[in-house]
Structure formats: structure tokens, C-alpha cells
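Asker: Encoded as C-alpha cells, here's the structure I'll be asking about.
Numbering (our numbering), first residue to last: 491 to 620.
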């Protein structure tokens with residue numbers, strides 16, 4: 491039974507990675523990732539879903555060198571969101587419409603708070619790199 495569970499989990503991780511790696515940017519391309527109930531694709535690839543006017547998870551711990559991809563999982567015709575570092579110049583996405591995504595690689599340890607520009611008052615998150 492233990493082997494069966496491990497095998498099913500491994501296949502699920504491979505399927506999630508395949509969905510992640512085959513998706514491009516642009517409208518409607520993030521739907522599969524929004525359905526995958528995982529934040530970790532593999533040890534260096536992570537997903538933050540944008541839905542219900544929030545970042546899910548809102549705080550994410552990742553290793554140095556990891557890439558985080560934010561995917562707008564809102565249902566159209568919802569207004570766009572962004573992911574923008576609180577520190578100017580680290581990263582800032584363009585407007586992400588439902589289905590769009592944006593990725594950033596975290597090469598240096600630190601705490602990286604971020605926000606959505608149009609909804610800055612309440613849409614906030616943080617990436618922590620030990």
C-alpha cells in the first residue's frame with residue numbers, strides 16, 4: 491500500500507510539472523495550474539495562485555535559486571492584478587489578466603515583500619529565501 495501511495499504521489503508531481511512546463515504566458519494559459527492543488531512543482535519551481543483578490547499562499551519559503559510563478563486564477567472578466575516587489579527594481583509584472591502568469595527567480599537570500607499595484611491596500615505577500 492505504501493508503494494502505491496508513493497507511486498501515485500510521484501505521478502501527480504510529474505503531471506503537475508508537465509502542466510507547468512508546457513504552459514506559455516498569455517491569456518488563458520494558467521487554467522491547468524490553477525486546478526493543481528500544489529504550491530511546489532519541484533525543489534526549484536513554485537506557484538502562487540492569484541484568486542479572490544489575494545495571493546495563495548501569501549507567504550512562501552523557497553530555497554536560493556528557486557523560481558516563483560504567479561498565475562492569475564481569477565474568473566474572467568475580473569480586473570487584472572500585478573505582482574510587484576515592495577523594493578523598487580527587484581521585479582514588477584505587467585497587468586496579469588485571468589490566465590496570465592509571471593515568473594521571477596530568487597538568486598539571493600532575503601525577505602521579499604510584494605503587492606498588487608491596483609489593490610496594494612489589501613493584496614500583499616512575501617517570498618522568504620533563507
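For every residue, glycine included, the Cβ atom is placed at its ideal position computed from N, Cα and C.
From the DSSP output, which residues share a beta bridge with residue 538?
Answerer: 560
Asker: Tell me which same chain residues have a C-beta within less than 8 Å of the C-beta of residue 569, skipping the five on either side of it?
Answerer: Residues of the same chain with a CB within less than 8 Å of the CB of residue 569, apart from the 5 flanking positions on each side, are 608 in chain order.
Asker: If you compare alpha carbons, which of 616, 541, 539 is closest to residue 603?
Answerer: 616
Asker: Under 8 Å: do the segment 560-568 and the segment 578-594 share three or more Cβ pairs, one atom per stretch?
Answerer: yes
Asker: Hey, could you find the ends of the beta strand (DSSP E) residue 532 is sitting in?
Answerer: 530-532
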